[in-house]
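Chemist: Number 254 in the numbering used here belongs to position 40 of the sequence shown; there are no gaps in the numbering.
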Amino acid sequence: MCGIAGFSGAPAAPETARATLERMIHTLHHRGPDGYGFHVGDGVGLAHARLSIIDLATGQQPIHNERRTVWTVFNGEIFNYVELRQQLECQGHRFYTQSDTEVIVHLYEQHGDDFVSHLNGQFAIALWDAERRRLLLARDRTGIRPLFHTRAHGRLWFGSEIKALLTVLPQRATLDPTGLAQTLNYWGPVDPATVFEGIHSLPPGHVLTVDDGGRETLRRYWDWRFPAAADQTMASARRMFGSEEQAAAELRELLIDAVRLRLRADVPVGAYLSGGLDSSGIVALIRRFTDTPVRTFSVAFADSEFDESAEQAAMVRHLATEHTTMHCSRRDIGMAFPQLIRHTETPILRTAAAPLMLLSARVRAEGYKVVLTGEGADEVFGGYDIFKEAKVRRFWARQPKSRFRPRLLGRLYGYLENSPVGNAAFAQAFFGKGMEHIDRPIFAHAPRWATSQHALRFLSADMRASIGDWQPLDGYEQRLPASIMSWHPLARDQYVEAKSLLAAYLLPAQGDRVAMANSIEGRFPYLDHRLIEFANRLPPSWKIRGLTEKYLLRRALDGLLPPDILHRTKQPYRAPDQSSFFFDGKPLDYVADLMSSERIRAAGYFDADATGRLFDKCRRGRAIGFADNQAFVGILSTMLLDETFLRRSSRDPHRDLCSA
């Protein structure tokens with residue numbers, strides 16, 4: 215796991231190019247504290263910050279082919295590199311390292327741009343073909359590793375994080391109104407947008423090529439695809455998988471192999487253990503089917519609404535792991551939040567990423583560089599309440615006057631202290647909204663986005679004018695596949711969830727950024743593309759049986775976990791939100807400063823009067839609903855972003871080396 219940065223295009227003197235690359239890559243030291251590497255050629259510069267995990271002795275990047283005509287730097291891991299290397303050696307390729315990186319240049323020689331289809335991994339790749347004077351950027355299928363790019367001064371610039379671009383392109387330190395509005399509504403900007411004007415994210419599952427004339431070609435090589443609903447019948451499932459028992463056995467084998475591949479490392483490997491089905495399943499598979507020793511880590515909270523330490527302790531006893539629990543307080547979250555935003559480089563609507571950043575620091579202090587996590591299982595196997603909620607709402611819509619059908623919502627969200635189903639009348643009114651969207655692919659997400667849209671009401675008049683007549687639901691649907699309405703409703707819900715929450719928020723904000731803040735590599739077995747493709751072919755009733763989520767996954771893990779864990783209802787990982795910033799009615803000092811009327815007006819993103827009323831509501835402990843919590847955290851994180859990247863740049867402008 216590493217950080218990468220570079221450029222292609224207008225030539226520069228070697229010493230100038232090297233100095234520029236050094237400035238860019240030094241901002242990513244946290245991603246790769248074990249050394250730097252550089253390649254400067256005619257019209258190209260590649261830089262790498264290394265976190266040594268595989269081939270500690272000879273795996274330094276950039277890596278080249280035999281003739282030194284193909285060069286690469288990459289961030290991530292190629293988990294099937296052992297098998298790929300054997301194939302490539304049989305085809306005549308010669309290797310000079312033992313690293314997973316080297317298979318990239320030889321695969322490119324063998325397969326051209328299609329080399330990415332052969333990779334099982336999590337990666338952001340920059341590859342330079344010197345003979346064709348051509349830069350190729352590639353990102354893994356689900357968006358585990360980030361990659362950003364922009365154009366300036368006749369060059370395309372790229373980096374693992376936006377700060378690498380801003381250090382040489384300070385003029386890019388401007389927030390984009392549409393990107394901000396998308397983030398406040400969908401929880402993250404919609405690819406390729408970011409919240410910075412002119413800076414783009416390479417979408418997951420895509421390859422971007424830039425030729426000698428500067429022409430760009432963007433190609434999708436993978437996506438979450440589902441069969442037509444007519445092909446997901448039980449008869450089709452029996453023809454494809456056999457019985458449920460056979461499908462569960464096949465799933466278990468896929469899980470075992472996905473875990474086995476992600477244990478490949480020349481350093482010790484740990485795992486996060488939340489006490490839920492997903493992470494417990496990963497650790498159980500390691501213990502039962504490999505000989506890899508594993509250390510487990512978890513977060514505990516004083517507030518019982520968020521705490522899962524009892525379940526974590528039960529799993530530690532069951533699996534007999536050496537375990538570390540990090541206790542996190544509300545004050546810990548509030549004090550860590552500025553550092554979190556410096557690493558996420560985007561506003562966020564929840565504080566849940568902060569404890570994970572603190573946990574990664576503890577993991578690093580214990581001497582580990584790699585952890586496996588259970589992220590992705592809910593998106594792949596239908597685990598979230600939003601999927602069950604949509605199922606009930608569709609059932610309800612068939613008889614909208616029914617009093618019985620909406621009562622099924624009472625079986626959801628039992629883990630919430632202020633649950634939207636706690637009051638039957640309120641639940642019926644809340645979840646009854648958006649029924650007019652039942653035939654649209656965004657149906658499941660309309661209630662959630664209606665809640666987060668509350669934050670848009672705090673935008674200043676200038677910001678609202680800048681985003682114009684943008685409509686969140688229509689705007690998102692325009693980016694969805696043309697075939698999506700032929701899919702089963704659950705498949706539609708899963709696709710939107712995978713794109714809007716997983717790729718845009720969970721993997722960056724709660725995955726890559728918080729782990730790499732402390733030089734920790736997270737690995738995600740449930741996001742092995744073979745598992746996703748397998749699960750996408752399953753009939754919906756094998757994912758959600760009645761209102762039991764992840765049905766087939768539970769069958770695949772049967773016998774590995776205690777019954778209480780195996781059958782435990784999904785409880786999403788959460789943390790205290792706005793209450794982490796106020797104590798005895800007083801805000802933390804930096805919160806009082808950034809949320810003051812003067813600072814809000816000076817920044818210009820939000821209406822100072824409306825924001826002041828929200829601030830006072832939070833200060834008095836009266837903001838208990840999701841809408842107010844998300845709005846407050848979104849506004850505060852935007853102001854931190856402004857302070858960290860925009861105001862700092864204006865106070866201490868960097869000399870623009872790009873024009874040298």
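Backbone N, C-alpha and C fix where the C-beta goes; we use that ideal spot for every residue, glycine too.
This structure is a prediction, so every number in the text was calculated from the model and none was measured.
Chain B beta carbons: is any one of them nearer than 8 Å to that of Phe221?
Modeler: Chain labels in this structure do not include chain B; a single protein chain is all it has.
Chemist: Apply the 10 Å Cβ neighbour rule to Pro867 and answer buried if 16 or more other Cβ atoms are within range, or exposed otherwise.
Modeler: Position 653 of the sequence shown, counting from 1, holds the residue named residue 867. Because Pro867 sits at a pLDDT of 40, beneath the cut-off of 50, its placement in the model cannot be relied upon, and the point is left open.
Chemist: Return the CA-CA distance between Leu477 and Arg509, expressed in angstroms with no decimal places.
Modeler: Taking the first residue of the sequence shown as 1, we reach residue 477 at position 263. Taking the first residue of the sequence shown as 1, we reach residue 509 at position 295. Approximately 12 Å between the Cα atoms of the pair.
Chemist: What residue from Gly725, Ile267, Ile218, Ser518 has the CA that sits closest to Lys903's CA?
Modeler: The chain is shown from 215 up to 874; residue 903 falls before or after that span and cannot be answered.
Chemist: In its own chain, which residues sit with a C-beta less than 6 Å from the C-beta of Ser873, not counting the 5 before and 5 after it?
Modeler: Position 659 of the sequence shown, counted from the first residue, corresponds to residue 873. Confidence at Ser873 is low in this model, with a pLDDT of 34, below 50, so the placement of that residue is unreliable and no value is reported for it.
Chemist: Could you give the first and the last residue of the continuous alpha helix (DSSP H) run that contains Ala806?
Modeler: By one-based count along the sequence shown, residue 806 stands at place 592. Residues 803 to 808.
Chemist: Between the alpha carbons of Thr272 and Glu303, how many angstroms are there, rounded?
Modeler: Looking up residue 272 in the sequence shown gives position 58. Looking up residue 303 in the sequence shown gives position 89. Roughly 18 Å separates the two Cα atoms.
Chemist: With distance defined between alpha-carbon atoms, name the residue in Leu767, Leu850, Pro561 nearest to Leu394.
Modeler: Position 180 of the sequence shown holds residue 394. Nearest option by C-alpha distance: Pro561.
Chemist: Taking DSSP as the reference, what is the three-state secondary structure of Leu871?
Modeler: Along the sequence shown, one-based indexing puts residue 871 at 657. Residue confidence is low: Leu871 scores 36 on pLDDT, short of 50, so the model does not pin down where it sits. Its coordinate-derived value is still stated next. If DSSP states are grouped into helix, strand and coil, Leu871 belongs with the helices.
Chemist: Taking three-plus beta-carbon pairs below 8 Å as touching, is the segment 315 to 333 in contact with the segment 370 to 386?
Modeler: Output reads no: the segment 370 to 386 does not touch the segment 315 to 333.
Chemist: Compute the Euclidean distance between the alpha carbons of Arg386 and Ile277, then round it to the nearest angstrom.
Modeler: As a working note, residue 386 is residue 172 in the sequence shown. As a working note, residue 277 is residue 63 in the sequence shown. Arg386 and Ile277: Cα-Cα distance of roughly 30 Å.
Chemist: Note down the Cα distance separating Asp798 from Ala675, rounded to an integer number of angstroms.
Modeler: Start at 1 with the first residue of the sequence shown, and residue 798 comes out as number 584. Start at 1 with the first residue of the sequence shown, and residue 675 comes out as number 461. The straight-line gap from Cα to Cα measures roughly 33 Å.
Chemist: Cβ atoms of Leu774 and Gly484: under 8 Å apart, would you say?
Modeler: One-based indexing of the sequence shown puts residue 484 at position 270. One-based indexing of the sequence shown puts residue 774 at position 560. Contact: no.
Chemist: Check the C-beta distance from Thr315 over to Thr286 and give it rounded, since I have them as a contact under 8 Å.
Modeler: For this step, residue 315 is matched to residue 101 along the sequence shown. For this step, residue 286 is matched to residue 72 along the sequence shown. About 7 Å separates the two Cβ atoms, so the contact holds.
Chemist: Given a cut-off of 8 Å on the beta-carbon distance, is the pair Trp701 and Phe440 in contact?
Modeler: Numbered from its first residue, the sequence shown carries residue 701 at position 487. Numbered from its first residue, the sequence shown carries residue 440 at position 226. Closer than 8 Å, so yes.
Chemist: For the segment 415 to 431 and the segment 336 to 348, state whether three or more C-beta atom pairs, one from each stretch, are separated by less than 8 Å.
Modeler: At 8 Å Cβ cutoff, the stretches touch.
Chemist: Alpha carbon to alpha carbon, what distance is there between Tyr690 and Pro776?
Modeler: Looking up residue 776 in the sequence shown gives position 562. Looking up residue 690 in the sequence shown gives position 476. Distance between the alpha carbons of Pro776 and Tyr690 is about 41 Å.
Chemist: Which residues in the same chain have their Cβ closer than 7 Å to the Cβ of Ile470, if we skip the five residues on either side of it in sequence?
Modeler: Residue 470 sits at position 256 when you count from the first residue of the sequence shown. Contacts found: Leu499, Phe503.
Chemist: Would the beta-carbon of Ser317 fall within 8 Å of that of Ile339?
Modeler: By one-based count along the sequence shown, residue 317 stands at place 103. By one-based count along the sequence shown, residue 339 stands at place 125. According to the sequence as given, residue 317 is Val; it is not Ser. Contact: no.
Chemist: So which of Pro614, Pro695, Leu854, Ile734 has the shortest CA-CA distance to Arg654?
Modeler: Within the sequence shown, the letter at position 440 stands for residue 654. Minimum Cα distance to Arg654 is reached at Pro695.
Chemist: Rounded C-beta distance between Leu383 and Thr408? I'm assuming under 8 Å.
Modeler: Within the sequence shown, the letter at position 169 stands for residue 383. Within the sequence shown, the letter at position 194 stands for residue 408. With a Cβ gap of about 13 Å, Leu383 and Thr408 do not count as contacting.
Chemist: For Leu321 and Asn294, what's the separation of their Cα atoms in angstroms?
Modeler: Start at 1 with the first residue of the sequence shown, and residue 321 comes out as number 107. Start at 1 with the first residue of the sequence shown, and residue 294 comes out as number 80. Roughly 12 Å between the two C-alpha positions.
Chemist: Nearest CA to the CA of Tyr400: which residue from Ile413, Asn732, Pro801, His659?
Modeler: Reading the sequence shown from its first residue, position 186 is the one you call residue 400. When each option's Cα is compared against that of Tyr400, the closest is His659.
Chemist: Since Arg564 contacts Val847 with CB under 8 Å, what's their CB separation in whole angstroms?
Modeler: The residue you call residue 564 lines up with position 350 of the sequence shown. The residue you call residue 847 lines up with position 633 of the sequence shown. Right, their Cβ atoms sit about 6 Å apart.
Chemist: Measure how close the beta-carbons of Met853 and Leu808 come, nearest whole angstrom, since I'm counting them as under 8 Å.
Modeler: Translated into the one-based positions of the sequence shown, residue 853 becomes position 639. Translated into the one-based positions of the sequence shown, residue 808 becomes position 594. Confirmed, Cβ separation roughly 4 Å.
Chemist: Is Val483 helix, strand or coil when you go by DSSP?
Modeler: Locating residue 483 in the sequence shown gives position 269, where the first residue counts as 1. Residue state, collapsed to three classes: strand.
Chemist: Is it true that the CB of Tyr740 sits closer than 8 Å to the CB of Val594?
Modeler: Start at 1 with the first residue of the sequence shown, and residue 594 comes out as number 380. Start at 1 with the first residue of the sequence shown, and residue 740 comes out as number 526. Against a cut-off of 8 Å, the Cβ pair of Tyr740 and Val594 comes out as a contact.
Chemist: Would you give the residue range spanned by the alpha helix (DSSP H) that Met540 belongs to?
Modeler: Walking along the sequence shown from the start, residue 540 turns up at place 326. Looking at the DSSP string, Met540 is not in any alpha helix (DSSP H); the run it does join, the beta strand (DSSP E), is 536 to 542.
Chemist: Helix, strand or coil for Ser697 per DSSP?
Modeler: Working through the sequence shown from its first residue, we reach residue 697 at position 483. DSSP places Ser697 in coil when its eight states are reduced to three.
Chemist: Take Gly257 as the anchor and find which of Phe288, Asp269, Phe221 has the nearest alpha-carbon.
Modeler: For the purposes of this step, residue 257 is taken as the residue at position 43 of the sequence shown. Comparing Cα positions, the closest option is Phe221.
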